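Everything below concerns the one structure shown next.
Protein chains: 2
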Amino acid sequence: MVKRTLGAVPYVYPVPIVLVGALVDGRPNYATVGDCAIMGLNPAVVAVSLGAGHHTTKGVLEHRAFGISIPQAKDLALIDYLGQVSGREIDKSKLVSTFFGELETAPMAESAPVAMECRVVHEARVQHRCIFIGAVVQTYVEEQFIDKDGRTVAPLRELDPILYDLGNRYSRAGETIGQGYKEGADYAARA
Amino acid sequence: MVKRTLGAVPYVYPVPIVLVGALVDGRPNYATVGDCAIMGLNPAVVAVSLGAGHHTTKGVLEHRAFGISIPQAKDLALIDYLGQVSGREIDKSKLVSTFFGELETAPMAESAPVAMECRVVHEARVQHRCIFIGAVVQTYVEEQFIDKDGRTVAPLRELDPILYDLGNRYSRAGETIGQGYKEGADYAARA
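Quick note, the sequences are listed as chains Y and X, same order. Here the working numbering is used: the first residue of the first sequence is 3, the next is one more, and so on. Here the working numbering is used: the first residue of the second sequence is 3, the next is one more, and so on.
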């Protein structure tokens with residue numbers, strides 16, 4: 003195995019493509035973002051990174067709240083488009099049907115199978131990036147993707163999110179290959 | 003479309019499964035982590051969240067540095083196992099062949115197609131979670147996954163990372179479905 007250097011590239015993959023929603027000047031706005039992740043289950047925290055000058059950032063800074071909506075591969079063209087234009091130029095609330103939860107300042111996309119509203123609990127500034135740590139207030143899942151027990155959500159292949167990699171490619175999720183804790187227990191039993 | 007509430011669940015997916023490496027008491031240790039993401043390309047920053055009491059966290063706090071290695075689906079059993087046992091109990095450096103880059107305190111896994119060494123530039127504490135923002139110092143890619151131009155890395159399906167979702171399932175990446183900026187430009191042209 004021979005490794006080559008790429009320079010300083012943040013090559014974590016796959017990147018989950020999400021819509022970050024904020025209320026800007028009283029109107030829902032959305033940014034297509036890949037810089038987003040879970041930062042803990044309990045407490046339920048997420049991180050999102052936005053450019054300091056972006057239109058959505060203005061709303062997050064004002065209301066200290068944001069929505070995260072996870073779109074599906076079938077909406078890829080619209081989602082990619084929403085990442086190329088600013089809410090300063092177009093009214094994105096006409097392209098994304100919005101719903102609100104408990105907060106009134108965290109817009110989420112109706113069309114997303116999963117969405118959550120978050121309150122900013124910490125903010126880090128690294129040059130022109132605003133990194134927001136958000137506590138999840140409530141999570142919304144489309145009924146067809148949730149099991150009768152009310153807790154189990156459909157596999158990735160069914161939710162069909164949009165993945166991204168630094169080769170500027172979008173992919174979809176593939177098949178299920180294992181179960182958490184079971185694979186490792188099998189490994190330990192074999193060792 | 004009818005949405006149901008799940009409570010406060012940080013349901014961002016897919017979760018990228020990575021190994022976070024740190025030097026603990028002079029020995030490389032690795033934690034299997036899903037709470038990891040890109041936080042910006044330029045500057046190149048990532049975020050990683052670790053439990054405050056975890057063995058790996060001790061090394062990150064001491065040296066202000068960590069490695070991120072992105073394993074492949076073929077190593078799922080070992081990777082799942084590494085997430086179930088603590089470096090306090092077993093010597094994980096015997097299970098993961100380590101290499102170092104420019105920093106001498108950010109161990110990375112030889113077997114990973116992609117790995118990067120990071121210096122902590124910001125730290126946020128949310129209850130028992132330590133959220134580290136890291137500046138990427140150098141990125142290492144296995145030669146077979148990098149194009150002749152020295153910049154283009156293979157599609158996700160070839161890199162074959164491990165994805166996770168909150169249904170406690172592992173998946174692999176699926177096929178390429180589009181190209182960044184092209185899908186949105188096509189959308190705009192049709193609109």
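Using N, Cα and C, we set each Cβ at its ideal position, and we do this for glycine too. Every value quoted in this text rests on a predicted model; they were computed, and no experiment measured them.
Using the beta-carbon of each residue, which ones in chain X are nearer than 8 Å to residue i?
i                : result
TYR172 (chain Y) : THR178, ILE179, GLY180, GLN181, GLY182, GLU185
GLY89 (chain Y)  : Within chain X, no residue comes near GLY89 (chain Y); the closest Cβ sits about 15 Å away, beyond 8 Å.
LEU21 (chain Y)  : Going along chain X, no residue has its Cβ under 8 Å from LEU21 (chain Y), so there is no contact; the nearest lies around 12 Å.
THR59 (chain Y)  : The premise fails here: THR59 (chain Y) is roughly 13 Å from chain X at the closest Cβ pair, so nothing lies under 8 Å.
ALA126 (chain Y) : HIS124, ALA126, ILE135
GLY69 (chain Y)  : Here the premise fails: no neighbours, minimum Cβ distance about 12 Å.
ARG131 (chain Y) : MET41, GLY42, PRO45, VAL47
Since residue i meets chain X, which of its residues come closer than 7 Å, beta carbon to beta carbon?
i                : result
LEU165 (chain Y) : PRO16, LEU158, ALA175
SER51 (chain Y)  : MET41, GLY42
ALA79 (chain Y)  : GLU185, GLY186, ASP188, TYR189
ARG121 (chain Y) : The premise fails here: ARG121 (chain Y) is roughly 10 Å from chain X at the closest Cβ pair, so nothing lies under 7 Å.
Could you tell me whether the Cβ atoms of residue i and residue j are closer together than 8 Å?
i                : j                : result
ALA75 (chain Y)  : GLU185 (chain X) : no
PRO157 (chain Y) : ARG6 (chain X)   : no
LEU105 (chain Y) : VAL50 (chain Y)  : no
MET41 (chain X)  : ARG174 (chain Y) : no
LYS60 (chain Y)  : VAL26 (chain Y)  : yes
ALA137 (chain Y) : ARG159 (chain Y) : no
ILE81 (chain X)  : ILE164 (chain X) : yes
HIS124 (chain X) : VAL128 (chain Y) : yes
HIS57 (chain Y)  : GLY85 (chain Y)  : no
VAL22 (chain X)  : ALA39 (chain X)  : no
ALA24 (chain Y)  : HIS65 (chain Y)  : yes
What does the Cβ neighbour count give for residue i, buried or exposed, with the cut at 16 atoms within 10 Å?
i                : result
VAL155 (chain X) : buried
ALA126 (chain X) : buried
ASN31 (chain X)  : buried
ASP77 (chain X)  : buried
TYR189 (chain Y) : buried
ASP151 (chain Y) : exposed
ALA10 (chain Y)  : buried
LYS96 (chain X)  : exposed
GLY55 (chain X)  : exposed
TYR183 (chain X) : exposed
GLY28 (chain X)  : exposed
GLU119 (chain Y) : buried
Kindly list, in the order they appear in chain Y, the residues whose Cβ is closer than 9 Å to that of residue i.
i                : result
TYR32 (chain X)  : In chain order: nothing, as chain Y lies at least about 13 Å away.
ASP82 (chain X)  : GLY180, GLN181, GLY182, TYR183, LYS184, GLU185, GLY186, ALA187, ASP188, TYR189
GLU112 (chain X) : MET3, LYS5
VAL26 (chain X)  : Those do not exist, as VAL26 (chain X) stays about 20 Å from chain Y at its closest Cβ, beyond 9 Å.
Could you round the C-beta distance between residue i and residue j to whole angstroms and report it? I think they count as a contact, below 8 Å.
i               : j                : result
PRO16 (chain X) : ASP162 (chain X) : The pair is not a contact, with the Cβ atoms about 13 Å apart (cut-off 8 Å).
VAL20 (chain X) : VAL14 (chain Y)  : 7 Å
GLY36 (chain X) : GLY176 (chain Y) : With 8 Å as the limit, GLY36 (chain X) and GLY176 (chain Y) do not qualify as a contact, their Cβ atoms being about 17 Å apart.
VAL62 (chain X) : PHE134 (chain X) : 6 Å
LEU52 (chain Y) : PRO12 (chain X)  : About 18 Å; that fails the 8 Å criterion.
Interface residues of chain Y around residue i at Cβ under 7 Å?
i                : result
ALA46 (chain X)  : ALA10, VAL11, PRO12
THR7 (chain X)   : GLN140, THR141, TYR142
LEU168 (chain X) : VAL155
ASP37 (chain X)  : ALA39, ILE40, MET41, GLY42
GLY85 (chain X)  : GLY186
Starting from the beta carbon of residue i, find every residue of chain X whose beta carbon is closer than 9 Å, and list them in chain order.
i                : result
LEU63 (chain Y)  : The premise fails here: LEU63 (chain Y) is roughly 17 Å from chain X at the closest Cβ pair, so nothing lies under 9 Å.
THR100 (chain Y) : Going along chain X, no residue has its Cβ under 9 Å from THR100 (chain Y), so there is no contact; the nearest lies around 13 Å.
LEU105 (chain Y) : Correct list: empty, because the minimum Cβ distance to chain X is about 12 Å.
GLY55 (chain Y)  : Within chain X, no residue comes near GLY55 (chain Y); the closest Cβ sits about 13 Å away, beyond 9 Å.
Output, in chain order, the set of chain Y residues within a Cβ distance shorter than 8 Å of residue i.
i                : result
ALA75 (chain X)  : ILE179
LEU161 (chain X) : TYR15, ASP167
Compute every distance between the C-beta of residue i and the non-hydrogen atoms of the ligand NAP, then say whether any falls below 7 Å.
i               : result
LEU25 (chain Y) : Here there are no bound small molecules, and the ligand NAP is not part of this structure.
**Request:** State whether the segment 92–111 of chain Y contacts the segment 55–72 of chain Y, with contact taken as three or more CB pairs (one from each stretch) at a distance under 8 Å.
**Result:** yes
**Asked** With a cut-off of 8 Å, do at least 3 Cβ pairs link the segment 92–106 of chain X to the segment 134–152 of chain X?
**Response** yes
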